[in-house]
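Protein chains in written order, with this note's numbering: chain A, 1 to 401; chain B, 1001 to 1410.
Down below is the structure, laid out as structure tokens.
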Amino acid sequence: MAMIPLLLAAALIPQSSLATYPLQPHGGPEVRVHRQATPLVALRLSTPVPVTLPEGAVELLQELARPDAEAEARRFGARVSLRHDLGRAVMTVTGPATAFDAMAAILRRAAGTPDLSVADLRRARARAEGRVLARLEQPAPRVRRYLHYGLHGGPEPRGAGGTRLGPEAIRRVGAELYRPGRVRVVLVGDVPDVVIRSAFGDWPTAREGNRAEPRFDTAAAAARPQADREWGGIAFPVEGDPAVLAVAAALVQQRVERSALRYGSVEAWYEPAPALVLVGAATPGDSVVEASAGISDLAVRDASAVPLTDVRRYLRRLIAEAAALAGTDVVTRARTAVRRRLLLEARTAAGKAEVIGRVADHCGPAVRADDYLERLEGVQLADVRALLRRLLETAAVVDES
Amino acid sequence: MRAASTIVAVAPALLLVGCGGAADPRDPGPAPLPRVAVVEEPQATAVAVAVVVPGSTWELPGTEGLTILSAMTALEAIRPALDSLAARARVDCTPAAFTFTLAAARDGWQAAVDVFLDGLFRPAPGPEALERARSRLMESLTLDQASPAWQARLAVRHALHGDTLTSGWLGPACGVPETLSLFDLADVRAGLHRFAPRLAHAAALAPEGAAVGSLLRQRIQADRTPVIPAPRTVAAGRRYVERNTVTAWLAVAFPFGLDADVEAIRLLGAVAEDAIAPGVDHPESFTADHEIVHHGRGGALVVRAVTTPAAAADYADRIEAVMARAVRNGVPESVHQRVGRRHRGLRLQALATPESRVAAMALDLALGRPPTAWPDLSIPAERLRAAAAALGPPARSVVGPGAARRAIRP
Chain A
1 MAMIPLLLAA ALIPQSSLAT YPLQPHGGPE VRVHRQATPL VALRLSTPVP
51 VTLPEGAVEL LQELARPDAE AEARRFGARV SLRHDLGRAV MTVTGPATAF
101 DAMAAILRRA AGTPDLSVAD LRRARARAEG RVLARLEQPA PRVRRYLHYG
151 LHGGPEPRGA GGTRLGPEAI RRVGAELYRP GRVRVVLVGD VPDVVIRSAF
201 GDWPTAREGN RAEPRFDTAA AAARPQADRE WGGIAFPVEG DPAVLAVAAA
251 LVQQRVERSA LRYGSVEAWY EPAPALVLVG AATPGDSVVE ASAGISDLAV
301 RDASAVPLTD VRRYLRRLIA EAAALAGTDV VTRARTAVRR RLLLEARTAA
351 GKAEVIGRVA DHCGPAVRAD DYLERLEGVQ LADVRALLRR LLETAAVVDE
401 S
Chain B
1001 MRAASTIVAV APALLLVGCG GAADPRDPGP APLPRVAVVE EPQATAVAVA
1051 VVVPGSTWEL PGTEGLTILS AMTALEAIRP ALDSLAARAR VDCTPAAFTF
1101 TLAAARDGWQ AAVDVFLDGL FRPAPGPEAL ERARSRLMES LTLDQASPAW
1151 QARLAVRHAL HGDTLTSGWL GPACGVPETL SLFDLADVRA GLHRFAPRLA
1201 HAAALAPEGA AVGSLLRQRI QADRTPVIPA PRTVAAGRRY VERNTVTAWL
1251 AVAFPFGLDA DVEAIRLLGA VAEDAIAPGV DHPESFTADH EIVHHGRGGA
1301 LVVRAVTTPA AAADYADRIE AVMARAVRNG VPESVHQRVG RRHRGLRLQA
1351 LATPESRVAA MALDLALGRP PTAWPDLSIP AERLRAAAAA LGPPARSVVG
1401 PGAARRAIRP
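Encoded structure:
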């Protein structure tokens, strides 16, 4: 066997594949570092979005930042992503380690005071409005958004009013959203600590001044939802271990995939509070949905006076079936599937930053990603059954589209 | 506050695992490379495996697509098992080589690798797997065939290799809808013999290299090294395909030999692409890109552009002029820095997933090149100039209306 000698660093402490350590740059956000020998570096910045923000405000801030961020990233062959997942604004930059300083600068500028020239603002408003209306006009994202609104409140998401914020309100919202104490940064790569501290120190801070709530334009473009079939969703607030919620969601997803429902999905939400969410659709006259109409569900109580549509009744039935049919083998398969999906997602630098960051976002900074994987292994049948039974006795937030 | 020096990242280690092919006593030459390479990355969360076998050039007229259909059928047969293990497999097809890759979580990787290798080397697909594979392929090929880009890919091969070779080099490596519908399970089972271990090179990436290396070594026998086929190359070939399109699809291809510095040639491709990319200075250019195509005696750098028909000849000349200047005077320093900086990032992003890295390594082994865990992207001016000087006379092809035909004048 021909072998090339192993390459070893001089001083070595073995690291687990998802371990991180915290760095606190002076005047900057905490950076969680996963040291990994790779020529690529991945940076992920996330911040929680208050439910009181008007619809489209986050998108507007992101679209103001996007042109410069993408242009700078192109210079180094780096990739930038700016997205708004329900409850959290996330920016990621992935590129060569030799361009780390430039990549960190991209994040600083995107989180700083935006350029508010008339032309840039007009362009950003148009792009942001397009994103928001796409979310509110397509059935599945719309149902999800309304379930989020039903669970957590805030302004009703009828349209893209938040994209019409004025310059002062934009600056105020941005300064608050990206305040160092709110922001979480994850770095995957091999960058010296002193360079990281320098790149993320002295973060842009909020200006003093008028702290009134931003006003938004209720006359902005209203969404015109479109659907060619009946869509429904149900969401259950949940208490308890996030790992149990993740396994329960995977288990119910397996049930949905074996059902006759063509468009069905199950999600575990964690922010600002945990919930299990199901969304599905059926065409009128679908035999599977008709067959479920009138079926009394297992131990279901719903305090809402709004009658359930057939799709939502069917989704509720799937949860009941999942609870009744769950066995040790099924739970073992579900938790193994959740673990493996996370490990597969983390196989790249960007994926690893996303997994580490998402676990911290969802479970709190005290829970590390490798601890979370261990917790998944510890989820038992009794835990999952208890959670699903509690759901069936819980008043759900319901929505239709 | 932690001491910064106590945690140091471990660089990946590259192990070349045995199974070197037997040397030919009549032509000892340098010892052949092993058939298997393994990269050990202790912090990897997944295991990736790639297997490369010779491609579809053996296909005779009327059998176009049998290799890819057989490959897709083999993967469809194991897809349920891989899904249950949260693992993913795919196949990429070129005339010279087919590359199968697997990515699996580090938990339970061995079961996924066993399923993957059994699916390739001991396949037993049924009719359902064949029909699923056929359906997926037909869908993508029907879209592909309608595109001028597809025509352009075939046209440049004609320009590089002439008209006298078998359809296997000149036709689409991934089949055509007309012949795909004709193959039955017996044909596909015969086609599966093309994926035998004796024809394979493999590479893997894992947190612990020894176990996966041992598994691959058990499957891939140590007999004569399989050969990736090589076509005849025509000097300065030309090919025009008339299509009633509003744009012209242009390609200029620079052949190179086995000893070529492929990474430096890639950077040259980026320099040429930069010289013709859409922008305020190039209003007739709509897209530009570049690609390296490989075969058993080297390959070619292909620089492509979509332009207005009248401008196709001018852009083809520009591409050749960039290469000629690179040989005479080198690439200008400012261009080298600017394009090199961007190219470095793009090249690393293309290798971001472990399965893309092992695919590149397995292909290097199959082509007789030493594999590396990451490519050497430090390309100084002299290395770039030497790579340009090693390129052969370019071939040209264009697909488009009559106004574009001028692009292929001698």
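Quick reminder that beta carbons are idealized off the backbone N, C-alpha and C, glycines included.
Given the structure is predicted, the values throughout are model-derived calculations rather than measurements.
Checking contacts by CB at 9 Å: is P29 of chain A closer than that to chain B? Among the CB atoms of chain B, none fall inside 9 Å of the CB of P29 of chain A.
For E1320 of chain B and P1394 of chain B, which I take to be in contact (beta-carbon distance under 8 Å), what is that distance rounded to the nearest angstrom? 6 Å between Cβ atoms; contact.
task: Quick one: list the residues of chain A neighbouring D1107 of chain B, beta-carbon separation under 8 Å, in chain order.
output: Here the neighbours are T336, R339, R340 and L343.
| Which one of B:P1226, B:P1231 and B:T1179 has the shortest CA to CA distance from L1170 of chain B? | Per the C-alpha coordinates, the member of B:P1226, B:P1231 and B:T1179 positioned closest to L1170 of chain B is B:P1231.
TODO: Measure from the alpha carbon of G958 of chain B to the alpha carbon of each residue in B:A1404, B:A1077, B:L1160 and B:A1210, then state which is nearest.
DONE: Any question about residue 958 of chain B goes unanswered here, given that chain B covers just 1001 to 1410.
Please go through the same chain and pick out, in chain order, the residues whose beta-carbon is closer than 6 Å to the beta-carbon of L342 of chain A, but skip the five residues on each side of it.
-> Excluding positions up to five away in sequence, the list reads V355.
Determine the extent of the alpha helix (DSSP H) in which W1058 of chain B is found, giving its start and end residues. Judged by DSSP secondary structure, W1058 of chain B falls outside any alpha helix (DSSP H); it is assigned neither H nor E.
Note down, in chain order, every chain B residue with its Cβ under 8 Å from the Cβ of P365 of chain A. Against chain B, the beta carbon of P365 of chain A has no neighbour under 8 Å; the closest one sits roughly 16 Å away.
request  = Note down, one range per segment and in chain order, each alpha helix (DSSP H) of at least 4 residues found wholly within the segment 166-201 of chain A.
outcome  = Within the segment 166-201 of chain A, the complete alpha helix (DSSP H) runs of at least 4 residues are 167-177 and 193-200.
- Task: Helix, strand or coil for P1354 of chain B, going by three-state DSSP, please let me know.
- Result: P1354 of chain B: helix per DSSP, three-state reduction.
Chain B contact residues for A99 of chain A, given Cβ-Cβ distances below 9 Å: Listed by position along chain B, the residues whose Cβ is nearer than 9 Å to that of A99 of chain A are R1341, R1344 and G1345.
>> Let's test the definition: count the other Cβ atoms within 10 Å of the Cβ of D1101 of chain B and tell me whether it reaches 16, buried, or not, exposed.
In response: One detail in the question is off: residue 1101 of chain B reads as Thr in this sequence, not Asp. Label assigned to T1101 of chain B: buried.
Quiz item: In whole angstroms, what separates the C-alpha of G1162 of chain B from that of C1174 of chain B?
Solution: For G1162 of chain B and C1174 of chain B, the gap between their C-alpha atoms comes out near 20 Å.
field: chain B contacts from the segment 71-94 of chain A (Cβ-Cβ distance under 9 Å)
entry: Closer than 9 Å at the C-beta level to chain B, one finds these residues of the segment 71-94 of chain A: A73, R74, R75, F76, G77, A78, R79 and T94.
inquiry  = For H1343 of chain B, list the residues DSSP reports as bridge partners.
reply    = Beta-bridge pairing links H1343 of chain B to no other residue.
So, is the C-beta of P1380 of chain B closer than 9 Å to a C-beta in chain A?
It does not; no Cβ of chain A falls within 9 Å.
Given a cut-off of 9 Å, decide if A1407 of chain B and R1396 of chain B are closer than it, judged by their beta-carbon atoms. Yes; because the gap between Cβ atoms is below 9 Å, this pair is in contact.
inquiry  = Would you say A1048 of chain B lies against chain A (beta-carbon separation less than 9 Å)?
reply    = Yes, A1048 of chain B counts as interfacial toward chain A.
Interface partners of T348 of chain A on chain C, CB under 7 Å: Going by chain labels, chain C is absent from the structure shown, which instead holds the protein chains A and B.
**Item:** Length of the line joining the Cα atoms of A1155 of chain B and T1287 of chain B
**Value:** Going from the Cα of A1155 of chain B to the Cα of T1287 of chain B covers about 18 Å.
Hey, A128 of chain A and G240 of chain A are a contact pair by Cβ (cut 8 Å); roughly how many whole angstroms apart?
-> That belief does not hold up - the Cβ atoms of A128 of chain A and G240 of chain A are roughly 36 Å apart, past 8 Å.
> Is it right to say P192 of chain A is buried, meaning 16 or more other beta carbons lie within 10 angstroms of its own, or is it exposed?
Replying inline: P192 of chain A sits exposed, since fewer than 16 C-beta atoms from the chains shown fall within 10 Å of its C-beta.
* Nonlocal neighbours in the same chain, by C-beta distance under 8 Å from R1385 of chain B, ignoring five residues either side -> Here the set comprises A1326, V1327, G1330 and V1331.
| request: Note down, in chain order, every chain B residue with its Cβ under 9 Å from the Cβ of P242 of chain A. | output: Correct list: empty, because the minimum Cβ distance to chain B is about 20 Å.
Review point. Would L1267 of chain B pass as a contact of A1387 of chain B if the rule is Cβ separation under 9 Å?
Key: Taking 9 Å as the Cβ cut-off, L1267 of chain B and A1387 of chain B qualify as a contacting pair.
Notebook entry, point to check: How long is the line joining the alpha carbons of L387 of chain A and V256 of chain A, rounded to whole angstroms?
Noted result: Answer to the nearest angstrom: the Cα atoms are 18 Å apart.
Could you pull the DSSP bridge partners for D1092 of chain B from this structure? In DSSP, D1092 of chain B forms a bridge with B:T1099.
Item to check | Collapsed DSSP secondary structure at P1289 of chain B in the structure displayed | outcome: A small fix is needed here, since residue 1289 of chain B is Asp in this sequence, not Pro. Strand, per DSSP.
So, helix, strand or coil for V367 of chain A, using DSSP?
-> Note: V367 of chain A maps to coil in three-state DSSP.
*asked:* Quick test of your reading: V1052 of chain B and A1200 of chain B, contact by CB under 8 Å. State the CB separation rounded to the nearest angstrom.
replied: V1052 of chain B to A1200 of chain B, Cβ: 7 Å. Contact.
Give the interface partners of L443 of chain A over in chain B, defined as CB-CB distance under 9 Å, in chain order. What is shown of chain A runs 1 to 401, which leaves residue 443 of chain A out entirely.
Which whole-angstrom value is the C-beta distance of A139 of chain A and A322 of chain A, which I expect to be below 8 Å? According to the sequence as given, residue 139 of chain A is Pro; it is not Ala. A322 of chain A and P139 of chain A do not touch by the CB rule: their CB atoms are close to 24 Å apart, not below 8 Å.
Figure out for me which residue from B:P1125, B:R1217, B:R1347 and B:P1207 has the closest Cα to the Cα of M1072 of chain B.
-> Answer by Cα proximity: B:P1125.
* Which chain B residues sit within Cβ distance under 7 Å of P96 of chain A? -> Neighbours of P96 of chain A on chain B, chain order: R1344, G1345 and L1348.
- Query: Beta carbon of V1398 of chain B, beta carbon of V1241 of chain B: below 9 Å?
  - Reply: Contact check for V1398 of chain B against V1241 of chain B passes: the beta carbons are separated by less than 9 Å.
Per DSSP, what are the beta-bridge partners of M91 of chain A in this structure?
Answer by DSSP bridge pairing, in chain order: A:L45 and A:L82.
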